[in-house]
Amino acid sequence: MKLYGSATSPYVRRLRIWLEHADYEFVAMDIFLPEGRKQLEAVSPARKIPLLQLGKDTIYDSRVIFYHLNDRLQRETVGVREDNQLTLIDEANTAFVQLFLLKKSGVDVDQDALYFNLQRERINNLMMHLEGMVSSGHFDNWNYPAICLYCLLDWIDFREQFQLESTPALKTFRDANTEREYVISTDPRR
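Residues 1239 to 1428 (the working numbering) make up the sequence shown, in order.
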């Protein structure tokens, strides 16, 4: 079993943390460098990470990878509540990543334009909703949705995309989980 991805991707990191103690190979690639792009092109027609190779089968999406591995490993039960948590986290992640990539490409993401205004509005609404969910105890168990939330929060802090001080429950949640063994070993700052 091979998991392909970058050390900085929150989508990859969530799987690496969830797979702690599992037997798999992590193939790290820097998708922003020509060599990494070439390596990615060779394994993914979508040119997207993460992806998982299981023998002759390849899975191209983090949520599908999780579902497949969870079925195999029988680690946790995922119901509507957890699926909704994952959807909200993934939507926030997508909005943050889109703005990050545009900014990295030299686009002024702070401009007053429809796309950017919609993304900022979406991010603010999602972060406030996630703040309320954490305050209400929705992420008290260290399961896949909690790992995904942690990876989102740590990534937006790492990439300086959002000030966690404006959402104290989210900041407390992130800070409370930073010393976990696999959180430390997958930290993109290292």
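We treat Cβ as the ideally placed atom computed from N, Cα and C, and that holds for glycine. Since the model is a prediction, treat every value here as computed from it, not as a measurement.
Residue interval of the alpha helix (DSSP H) (run including residue i)
{"i": "G1370", "result": "1352 to 1373"}
{"i": "Y1388", "result": "1382 to 1396"}
{"i": "D1413", "result": "1406 to 1414"}
{"i": "Q1323", "result": "1318 to 1342"}
{"i": "I1303", "result": "1300 to 1311"}
{"i": "Q1291", "result": "Unbroken run through Q1291 is the beta strand (DSSP E), 1289 to 1292; no alpha helix (DSSP H)."}
{"i": "P1283", "result": "Note, P1283: premise wrong, no alpha helix (DSSP H); not H, not E."}
{"i": "I1422", "result": "1419 to 1423"}
Nearest-angstrom Cα separation, counted from residue j out to residue i
{"i": "R1397", "j": "Y1242", "result": "21 Å"}
{"i": "V1302", "j": "L1278", "result": "19 Å"}
{"i": "H1306", "j": "D1299", "result": "11 Å"}
{"i": "L1433", "j": "Y1249", "result": "The first residue shown for the chain is 1239 and the last is 1428, placing residue 1433 beyond what the model contains."}
{"i": "D1309", "j": "D1321", "result": "15 Å"}
{"i": "Q1273", "j": "R1285", "result": "Checking the sequence, you will find Glu at residue 1273 rather than Gln. Straight-line Cα distance between these residues: approximately 13 Å."}
{"i": "A1266", "j": "E1258", "result": "16 Å"}
{"i": "G1293", "j": "I1327", "result": "30 Å"}
{"i": "S1282", "j": "I1297", "result": "9 Å"}
{"i": "D1268", "j": "R1412", "result": "25 Å"}
{"i": "Y1388", "j": "A1351", "result": "30 Å"}
{"i": "R1427", "j": "F1354", "result": "28 Å"}
{"i": "R1252", "j": "Q1349", "result": "31 Å"}
{"i": "Y1262", "j": "K1276", "result": "23 Å"}
{"i": "I1422", "j": "V1345", "result": "32 Å"}
{"i": "R1319", "j": "M1371", "result": "11 Å"}
{"i": "D1378", "j": "A1414", "result": "11 Å"}
{"i": "A1260", "j": "R1418", "result": "16 Å"}
{"i": "K1339", "j": "F1400", "result": "The sequence given here places Leu at residue 1339; Lys does not occur at that position. For L1339 and F1400, the distance between alpha carbons rounds to 15 Å."}
{"i": "F1264", "j": "A1280", "result": "16 Å"}
{"i": "D1295", "j": "S1374", "result": "40 Å"}
Among the options, nearest to residue i - alpha-carbon criterion
{"i": "T1416", "options": "Q1399, L1390, T1405, S1404", "result": "L1390"}
{"i": "W1380", "options": "K1240, Y1262, T1315", "result": "T1315"}
{"i": "F1270", "options": "A1245, F1264, A1260", "result": "A1245"}
{"i": "L1337", "options": "V1372, I1327, L1356", "result": "L1356"}
{"i": "H1367", "options": "L1352, P1283, L1408, R1428", "result": "L1408"}
{"i": "H1376", "options": "G1344, A1260, L1324", "result": "L1324"}
{"i": "M1365", "options": "V1345, L1402, L1352", "result": "L1402"}
{"i": "E1369", "options": "D1295, A1260, T1410", "result": "T1410"}
Contact check, residue i vs residue j, beta carbons under 7 Å
{"i": "T1424", "j": "R1254", "result": "yes"}
{"i": "V1347", "j": "K1341", "result": "yes"}
{"i": "S1343", "j": "I1287", "result": "no"}
{"i": "Q1312", "j": "K1240", "result": "no"}
Enclosing beta strand (DSSP E) for residue i [first to last residue]
{"i": "F1184", "result": "It is not possible to answer for residue 1184, since the shown part of the chain is limited to 1239 through 1428."}
{"i": "L1257", "result": "Premise fails: L1257 is in no beta strand (DSSP E) and is neither H nor E."}
{"i": "G1243", "result": "1240 to 1243"}
{"i": "I1297", "result": "1295 to 1297"}
Handout entry: Three or more C-beta pairs below 8 Å linking the stretch 1350 to 1365 and the stretch 1377 to 1390
Key = Touching, no.
Exercise for the section: Indicate whether the contact test is met: 3 or more Cβ pairs, each with one atom in the stretch 1330 to 1344 and one in the stretch 1392 to 1406, closer than 8 Å. Expected result: Counting Cβ pairs under 8 Å, three or more are found: they touch.
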